[in-house]
Amino acid sequence: MYEYAIAWEWLSFAVRWLHVITAIAWIGSSFYFIALDLGLVKRPHLPPGAYGEEWQVHGGGFYHVQKYLVAPAQMPEHLTWFKWESYVTWLSGFALLCVVYYGGADLFLINHDVLPLSSWQAILLSLASLSIGWIIYDQLCKSPIGENTWGLMAILYVVLVAMAWGYTQIFTGRAAFLHLGAFTATIMSANVFFIIIPNQKIVVADLIAGRTPDPKYGRIAKQRSLHNNYLTLPVIFFMLSNHYPLAFGTQFSWVIAALVFLMGVTIRHWFNTTHARKGKPTWTWLVTVLLFILIIWLSTVPKVLTGEKQAAVLSPMQQQFVADAHFGKAKEIVQGRCSMCHAAEPVWEGIRFAPKDVKFETDAEIARHAHEIYIQAGRSHAMPPGNITEISLEERRLLTAWYESAVKGAGATQ
Numbered sequence: 001m002y003e004y005a006i007a008w009e010w011l012s013f014a015v016r017w018l019h020v021i022t023a024i025a026w027i028g029s030s031f032y033f034i035a036l037d038l039g040l041v042k043r044p045h046l047p048p049g050a051y052g053e054e055w056q057v058h059g060g061g062f063y064h065v066q067k068y069l070v071a072p073a074q075m076p077e078h079l080t081w082f083k084w085e086s087y088v089t090w091l092s093g094f095a096l097l098c099v100v101y102y103g104g105a106d107l108f109l110i111n112h113d114v115l116p117l118s119s120w121q122a123i124l125l126s127l128a129s130l131s132i133g134w135i136i137y138d139q140l141c142k143s144p145i146g147e148n149t150w151g152l153m154a155i156l157y158v159v160l161v162a163m164a165w166g167y168t169q170i171f172t173g174r175a176a177f178l179h180l181g182a183f184t185a186t187i188m189s190a191n192v193f194f195i196i197i198p199n200q201k202i203v204v205a206d207l208i209a210g211r212t213p214d215p216k217y218g219r220i221a222k223q224r225s226l227h228n229n230y231l232t233l234p235v236i237f238f239m240l241s242n243h244y245p246l247a248f249g250t251q252f253s254w255v256i257a258a259l260v261f262l263m264g265v266t267i268r269h270w271f272n273t274t275h276a277r278k279g280k281p282t283w284t285w286l287v288t289v290l291l292f293i294l295i296i297w298l299s300t301v302p303k304v305l306t307g308e309k310q311a312a313v314l315s316p317m318q319q320q321f322v323a324d325a326h327f328g329k330a331k332e333i334v335q336g337r338c339s340m341c342h343a344a345e346p347v348w349e350g351i352r353f354a355p356k357d358v359k360f361e362t363d364a365e366i367a368r369h370a371h372e373i374y375i376q377a378g379r380s381h382a383m384p385p386g387n388i389t390e391i392s393l394e395e396r397r398l399l400t401a402w403y404e405s406a407v408k409g410a411g412a413t414q
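Sequential numbering from 1 applies to the sequence shown in full-length UniProt numbering.
What follows is the structure, given as structure tokens:
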């Protein structure tokens, strides 16, 4: 069973790597086409139906790009589709959600102080929230509200803030931010899968059949693409936030999330306006900095992290770690080598808060993070950083023996 933990860790790494690669491809192509679209120039010599053109230089060569608002007169011989970047990003992200948060629901997903759930209940709530988010958003877009792009975005912002608050009432702070990112990314990827690509296929089918395509399909796809553009930066923030407990683990984390969405708008507004050659609204950077300062202040009010209190009740597996014969020695090692940083009030110079909000001051806290201790201080030398507290090889072997003994004991009692 303990070798399973090693394999699971590598599986998590592989899926995370795939997710980052595909996300770079999707976000990169999305930002490129938004910039291209905004930078198009109308010129008299353009062919019939062409909206604008752009000359670009890259990699030692020149590129001449033309855009048709509806479609060219004839179907091109070769057509490149940009869709798999989005699909694989979402699929790999969902796989990572399953590996980390569903597979480790008792530690990473469920906050018993907020809402005591079983693993399957928490997972069902997670799945339902991701599905419901897309349904609500899609119906808003198709309603009369959807005729007003900016009004629709304002309502979407209210929905996102409500979800930020709701997630913090159900899951751990870390899981709440991760789910908010997944909730938003699901809307973005579903836009590509259910709206943008199908609409483009309708236009292509009309061209092949000799029919004149309806321009409404292009307008709808462009509106959804614009939404994706403004939602991208907050999603990146939420995906990175699990490394920073000051973002997700404080009393006002849902307010921080609301401000992050606003920062995403101000930053993208600067780039979009600049790419459209409509000036450089430098005021957006001032607003962004002020919003970020407000986030920093909110993260320290109160100064003690309050977003993810640990429950006193341990799961059966965690109880097994405490009951194991090696636990006493393991506890001495962990508290002697790690607790100077991993404490409610760290004593290590320069560290004010426990890294990732992980603390090792009680038996329960050590048991809850047994897997991380095993991987980072037992089977590898990742912790302590640079072996700053001089943990010995024998102590690492004892930590490994504790975890493997407890896992083996749990398997024998089942």
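Glycine is no exception: its CB is placed at the ideal position from the N, C-alpha and C atoms.
A contact between stretches requires three or more CB pairs, one per stretch, nearer than 8 Å, and the region 147 to 165 meets this requirement with the region 175 to 189. DSSP places Gln66 in the strand class (E or B) of the three-state scheme. If you compare the alpha carbons of Ile373, Thr172 and Ile293 with that of Asp113, the shortest gap goes to Thr172. Val265 and Trp402 have their C-alpha atoms spaced approximately 49 Å apart. Partner residues in a beta bridge of Phe108, as assigned by DSSP, do not exist.
Taking a C-beta distance under 8 Å as the contact criterion, Ala406 and Phe321 qualify as a contact pair.
The DSSP-derived three-state label of Phe261 is helix.
Here DSSP, grouped into helix, strand and coil, assigns Gln139 to helix. DSSP places Gly60 outside both helix and strand once states are collapsed to three, so it counts as coil. Taking the Cβ atoms as the reference, Ser189 lies roughly 7 Å from Thr89, within the contact range of under 8 Å. Under DSSP, Ala50 shares a beta bridge with Tyr68. Within the DSSP bridge table, the entry for Val235 names no partner. Residue pairing from DSSP places Val41 in a beta bridge opposite Glu53. Rounded to whole angstroms, the separation of the alpha carbons of Leu109 and Trp120 is 11 Å. Taken in chain order, the unbroken stretches of alpha helix (DSSP H) that lie wholly in the region 147 to 215 and span 4 residues or more are 149 to 168, 173 to 190 and 197 to 208. Ala354 and Thr274 have their C-alpha atoms roughly 41 Å apart. Of the other Cβ atoms in all chains shown, 16 or more fall within 10 Å of the Cβ of Asp37; this residue is therefore buried. In the same chain as Asn387, and ignoring 5 residues on each side of it, the C-beta atoms closer than 7 Å to its own belong to His381, in chain order. Note on geometry: alpha-carbon atoms of Val203 and Ser86 lie some 20 Å from one another.
In this structure His45 is exposed. Its beta-carbon is surrounded by fewer than 16 other beta-carbon atoms within 10 angstroms. When the five nearest sequence neighbours on each side are left out, the beta carbons in the same chain lying within less than 6 Å of the beta carbon of Phe248 are those of Gly173, Arg174, Phe177 and Ser241, in order along the chain. When rounded, the separation of the alpha-carbon atoms in Phe292 and Pro234 is 13 Å. Across the structure, Ile132 and Leu115 are spaced so that their CA atoms are roughly 20 Å apart.
The three-state reading of DSSP puts Asp357 in helix, counting H, G and I together.
Secondary structure at Cys338: coil, using DSSP grouped into helix, strand and coil. DSSP, reduced to helix, strand and coil, places Gly279 outside both helices and strands of the structure shown, so it counts as coil. A residue is called buried once 16 or more other Cβ atoms fall within 10 Å of its Cβ, and Phe360 is buried on that count.
Between Arg379 and Gln318, the CB-CB gap reaches or exceeds 8 Å. Between the region 219 to 226 and the region 191 to 199 there are three or more C-beta pairs closer than 8 Å, enough to call the two in contact. Counting along the chain, Glu85 sits inside the alpha helix (DSSP H) bounded by residues Trp84 to Leu96. According to the DSSP assignment, Leu246 belongs to the alpha helix (DSSP H) that extends over Pro245 to Phe248.
Bounds of any alpha helix (DSSP H) do not take in Pro144, whose DSSP letter is neither H nor E. Each residue's CA atom was taken as its position, placing Glu372 and Ser30 some 36 Å apart.
In this structure the region 94 to 110 lies against the region 2 to 21, because at least three pairs of beta carbons, one per stretch, are closer than 8 Å.
Excluding sequence positions up to five before and after Ile351, its CB lies within less than 6 Å of the CB of Cys341, all in the same chain and listed in chain order.
Ser92 sits away from Thr149, with the two beta carbons spaced by 8 Å or more.
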